[in-house]
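Novice: Here you go, one structure.
Residue numbers (my numbering), protein chains in the order written: chain A, 1 to 258; chain B, 1001 to 1279.
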């Protein structure tokens, strides 16, 4: 396919000002920012789960009109179906698409192996640790062989150690399967570690304030000094933005008070 | 020597633990049943002392004796069977209809806004008030009783389903839709399993409503076999021991289904759905 595989332009009330960006095919892009900056809204629109008030979203050369069509999503709290086993969860999307039982099983097992969960395929979600649940939910998305993988703060509910292990794993999986990824997080180092491009968003109202291109060769190491420098830079920028936003709000409050 | 002492100690510990377990069980039993035992004692005292007319209140022994006779003569078993069959049938019809209506209309604002208040309103009317209507429609027979039982189950079941539909996690629905589930597939594989834990509670409630509606209807419509008919017959011939024996049977059936069927079902579902720790 040619260069631009997705163009987004939309306004979602004050939650997100009209925003535009493009993600190249096979690129790993992160949307980073404080809570309330509209990053999850943005992702939901790309997924086709939310509709923009204005503007449009295009994926793989077609306008986004609903979920599916080469896009898969990983949610913050894993959102596994509690009544299904790990394998049942991973097979679910294939069932929805009417894939035959044998092929379903084979592809699900392959996805489960990719995230190293092959020893717990028959367990139910509540029998798994938080990290394992999130692996299962990544497998559930990957089994669809998505061209675009959307991840909404997938590691934010995990403890720091598990989070580090899983971002390492995600880097490996991405290098193996090379989908386009749009990754939403509020963790700067995670974003810098994983991404080709990081869009820094600011809150109140949400918009992209800065874009970073990261060309550190992979596989990367989270302790890489270059990443730490980058994180420092982003943090400074975010602080300035938060202060600006606070100031703007204070000004508005003053005007209102008068 | 030390091992022998250790072995003796361990065996002693087991014995102590076993007797402690037995004591705890006995205390638990007493705590739950002391009031029932007290009622039985007072009942026995009052009748044994001859303070009340045995035609108003027979002794516990007489009631149990009558129950034994009724059971060995099998007549009561036939009635019990007929009642239970009707209960299960009426309940099943009510459950299926209630859940289907709940799911169908729970997914649509317009349908729910229109239909839910009607069901809630009907739930405020005791089911038995519809019995004369059912008799006019279906005749003075078992079908009318069955219809009333099904209707009595249907109302709380539909309401429980509505309630459950609103408690489905939005993220779970989004996850399903993002994976390409929609329409009937989404309803069958996501919405329905997601509401199962709440439905189990509804099933239990529906069962008790069915049981009440059924007994009331059977006492009026006495043509067909059934426990309600036996109760009414007992009243007609003034056999108070029969009446009380049948009440005892109704009580036991209620408690047994609750404990053996629904409590187990609930435990199983809570375990399978991972709700054990959450409760």
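Positions of the beta carbon are idealized from the N, C-alpha and C atoms, including for glycine. All figures in this text were calculated on a predicted structure; none of them were measured in a lab.
Chain A beta carbons: is any one of them nearer than 8 Å to that of residue 1265 (chain B)?
Specialist: Position 265 of the second chain, counting from 1, holds the residue named residue 1265 (chain B). No - not a single Cβ of chain A is within 8 Å of the one on residue 1265 (chain B).
Novice: Express the C-alpha separation of residue 38 (chain A) and residue 1253 (chain B) in angstroms, rounding to a whole number.
Specialist: Here residue 1253 (chain B) is taken as the residue at index 253 of the second chain, counted from 1. Here residue 38 (chain A) is taken as the residue at index 38 of the first chain, counted from 1. Roughly 57 Å between the two C-alpha positions.
Novice: I'd like to know if residue 1273 (chain B) contacts chain A, where contact means its C-beta is closer than 8 Å to some C-beta of that chain.
Specialist: Numbered from 1 along the second chain, position 273 holds the residue referred to as residue 1273 (chain B). For residue 1273 (chain B), the answer is yes, since a Cβ of chain A falls inside 8 Å of its Cβ.
Novice: Need the endpoints of the beta strand (DSSP E) that residue 1232 (chain B) sits in, please.
Specialist: Here residue 1232 (chain B) is taken as the residue at index 232 of the second chain, counted from 1. From DSSP, residue 1232 (chain B) is part of no beta strand (DSSP E) but of the alpha helix (DSSP H) over 1227–1236.
Novice: Using the C-alpha atoms, what's the distance from residue 1274 (chain B) back to residue 124 (chain A)?
Specialist: As a working note, residue 124 (chain A) is residue 124 in the first chain. As a working note, residue 1274 (chain B) is residue 274 in the second chain. Straight-line Cα distance between these residues: approximately 8 Å.
Novice: Go ahead and label residue 115 (chain A) buried or exposed: buried means 16 or more other beta carbons lie within 10 angstroms of its beta carbon, across all protein chains shown.
Specialist: The residue you call residue 115 (chain A) lines up with position 115 of the first chain. Looking at its Cβ environment, which holds 16 or more other Cβ atoms inside 10 Å, residue 115 (chain A) is buried.
Novice: Within the region 1141–1194 of chain B, note down every full alpha helix (DSSP H) run reaching 4 residues or more, in order along the chain.
Specialist: Fully enclosed alpha helix (DSSP H) runs of 4 or longer: 1142–1166, 1170–1178, 1183–1186.
Novice: Please confirm if residue 52 (chain A) has its CB atom under 8 Å from at least one CB of chain B.
Specialist: As a first step, residue 52 (chain A) is located in the first chain; it is residue number 52 there, counting from the start. Not closer than 8 Å to any Cβ of chain B, the Cβ of residue 52 (chain A) fails to qualify, so no.
Novice: Using only the alpha-carbon positions, how far apart do residue 135 (chain A) and residue 1100 (chain B) sit?
Specialist: Here residue 135 (chain A) refers to the residue found at position 135 of the first chain. Here residue 1100 (chain B) refers to the residue found at position 100 of the second chain. One C-alpha to the other measures close to 35 Å.
Novice: Would residue 70 (chain A) and residue 146 (chain A) be called neighbours here (beta carbons separated by less than 8 Å)?
Specialist: Walking along the first chain from the start, residue 70 (chain A) turns up at place 70. Walking along the first chain from the start, residue 146 (chain A) turns up at place 146. Yes, the pair counts as a contact, with Cβ atoms nearer than the cut-off.
Novice: Comparing alpha-carbon positions, which option in A:93, A:63, A:182 lies nearest residue 261 (chain A)?
Specialist: One cannot answer for residue 261 (chain A) here, as it falls past the ends of chain A, which runs 1 to 258.
Novice: Could you tell me which chain A residues have their CB closer than 9 Å to the CB of residue 1165 (chain B), listed as they occur along the chain?
Specialist: Looking up residue 1165 (chain B) in the second chain gives position 165. Residues of chain A passing the Cβ test: none, with the nearest at roughly 16 Å.
Novice: At a threshold of 7 Å, does residue 1040 (chain B) count as lining the ligand ADP (C-beta to nearest heavy atom)?
Specialist: This structure does not include the ligand ADP; it has no bound ligands of any sort.
Novice: Please list the residues of the region 1155–1180 of chain B that have a C-beta atom closer than 8 Å to any C-beta atom in chain A, keeping them in chain order.
Specialist: Correct list: 1169, 1171, 1172, 1174, 1175, 1176, 1177, 1178, 1179, 1180.
Novice: Report yes or no: do three or more beta-carbon pairs, one from the region 97–108 of chain A and one from the region 43–54 of chain A, lie closer than 8 Å?
Specialist: As far as the Cβ criterion goes, the region 97–108 of chain A does not touch the region 43–54 of chain A, which means the pair count is below three.
Novice: Measuring only the C-alpha atoms, how far is residue 1148 (chain B) from residue 139 (chain A)?
Specialist: The residue labelled residue 1148 (chain B) in the question sits at position 148 within the second chain. The residue labelled residue 139 (chain A) in the question sits at position 139 within the first chain. Those two C-alpha atoms are separated by around 50 Å.
Novice: Within a Cβ cutoff of 7 Å, which residues of the same chain sit near residue 1154 (chain B), ignoring the five residues on either side of it in sequence?
Specialist: Against the second chain, residue 1154 (chain B) aligns to sequence position 154. Hits under 7 Å: 1094, 1097, 1098.
Novice: Grab the span of the beta strand (DSSP E) containing residue 98 (chain A) for me, first residue to last.
Specialist: For the purposes of this step, residue 98 (chain A) is identified with residue 98 of the first chain, where counting begins at 1. No beta strand (DSSP E) holds residue 98 (chain A); DSSP gives it neither H nor E.
Novice: Near residue 1198 (chain B), which residues of its chain fall below 7 Å by C-beta distance, leaving aside the five closest residues on each side in sequence?
Specialist: Numbered from 1 along the second chain, position 198 holds the residue referred to as residue 1198 (chain B). Hits under 7 Å: 1160, 1163, 1164, 1167.
Novice: Count Cβ pairs between the region 1241–1256 of chain B and the region 1046–1066 of chain B that sit closer than 8 Å; are there 3 or more?
Specialist: Touching, per the Cβ criterion.
Novice: Check for me: the beta strand (DSSP E) holding residue 200 (chain A) runs from which residue to which?
Specialist: Indexing the first chain from 1 puts residue 200 (chain A) at position 200. Unbroken beta strand (DSSP E) run through residue 200 (chain A): 197–202.
Novice: For residue 1211 (chain B), I'd like the list of residues in its chain whose CB is within less than 7 Å of its CB, leaving aside the five on either flank, ordered along the chain.
Specialist: If you number the second chain from 1, residue 1211 (chain B) lands on position 211. Cβ neighbours of residue 1211 (chain B) beyond the five flanking positions: 1087, 1254.
Novice: Could you compute how far the alpha carbon of residue 1027 (chain B) sits from the alpha carbon of residue 1041 (chain B)?
Specialist: Indexing the second chain from 1 puts residue 1027 (chain B) at position 27. Indexing the second chain from 1 puts residue 1041 (chain B) at position 41. Approximately 19 Å between the Cα atoms of the pair.
Novice: With 8 Å set as the bound, which would you pick, yes or no: does the beta-carbon of residue 1191 (chain B) sit closer than that to a beta-carbon of chain A?
Specialist: To locate residue 1191 (chain B), count along the second chain from 1; it is residue 191. Not one chain A Cβ lies under 8 Å of residue 1191 (chain B).
Novice: Show which residues of chain A have a CB atom less than 7 Å away from the CB atom of residue 1185 (chain B).
Specialist: Along the second chain, one-based indexing puts residue 1185 (chain B) at 185. Those within 7 Å of residue 1185 (chain B) in chain A are 96.
Novice: Just mark residue 236 (chain A) as buried or exposed, buried being the case when its beta carbon has 16 or more other beta carbons within 10 Å.
Specialist: Locating residue 236 (chain A) in the first chain gives position 236, counting from the first residue. Looking at its Cβ environment, which holds fewer than 16 other Cβ atoms inside 10 Å, residue 236 (chain A) is exposed.
Novice: Against chain A, does residue 1196 (chain B) count as a neighbour if the rule is that its beta carbon must be under 8 Å from one of theirs?
Specialist: In the second chain, counting from the first residue as 1, residue 1196 (chain B) sits at position 196. Output row for residue 1196 (chain B): interface = yes.
Novice: Cβ of residue 21 (chain A) less than 8 Å from any chain B Cβ?
Specialist: Looking up residue 21 (chain A) in the first chain gives position 21. By this cut-off, residue 21 (chain A) is not an interface position.
Novice: How about residue 23 (chain A) and residue 29 (chain A): do their beta carbons lie closer than 8 Å?
Specialist: Taking the first chain and counting its residues from 1, one reaches residue 23 (chain A) at position 23. Taking the first chain and counting its residues from 1, one reaches residue 29 (chain A) at position 29. Cβ distance < 8 Å, so residue 23 (chain A) and residue 29 (chain A) count as in contact.
Novice: Could you compute how far the alpha carbon of residue 1151 (chain B) sits from the alpha carbon of residue 1208 (chain B)?
Specialist: Position 151 of the second chain, counted from the first residue, corresponds to residue 1151 (chain B). Position 208 of the second chain, counted from the first residue, corresponds to residue 1208 (chain B). About 13 Å.
Novice: According to DSSP, what are the bridge partners of residue 73 (chain A)?
Specialist: The residue you call residue 73 (chain A) lines up with position 73 of the first chain. BP columns for residue 73 (chain A) point to A:150.
Novice: On the three-state DSSP scale, how would you describe residue 1269 (chain B)?
Specialist: Against the second chain, residue 1269 (chain B) aligns to sequence position 269. Note: residue 1269 (chain B) maps to helix in three-state DSSP.
Novice: Please report how far the alpha carbon of residue 1119 (chain B) lies from the alpha carbon of residue 1129 (chain B), in whole angstroms.
Specialist: Indexing the second chain from 1 puts residue 1119 (chain B) at position 119. Indexing the second chain from 1 puts residue 1129 (chain B) at position 129. Straight-line Cα distance between these residues: approximately 15 Å.
Novice: Quick one: list the residues of chain B neighbouring residue 155 (chain A), beta-carbon separation under 8 Å, in chain order.
Specialist: Taking the first residue of the first chain as 1, we reach residue 155 (chain A) at position 155. Under the 8 Å cutoff, chain B gives no residues; its nearest Cβ is about 16 Å from residue 155 (chain A).
Novice: If you draw a straight line from the alpha carbon of residue 1057 (chain B) to that of residue 1075 (chain B), how long is it in whole angstroms?
Specialist: The sequence position of residue 1057 (chain B) within the second chain is 57, counting from 1. The sequence position of residue 1075 (chain B) within the second chain is 75, counting from 1. The alpha-carbon atoms of residue 1057 (chain B) and residue 1075 (chain B) are separated by roughly 23 Å.
Novice: Ends of the alpha helix (DSSP H) at residue 47 (chain A)?
Specialist: Here residue 47 (chain A) corresponds to residue number 47 of the first chain, with the count starting at 1. Residues 39–47.
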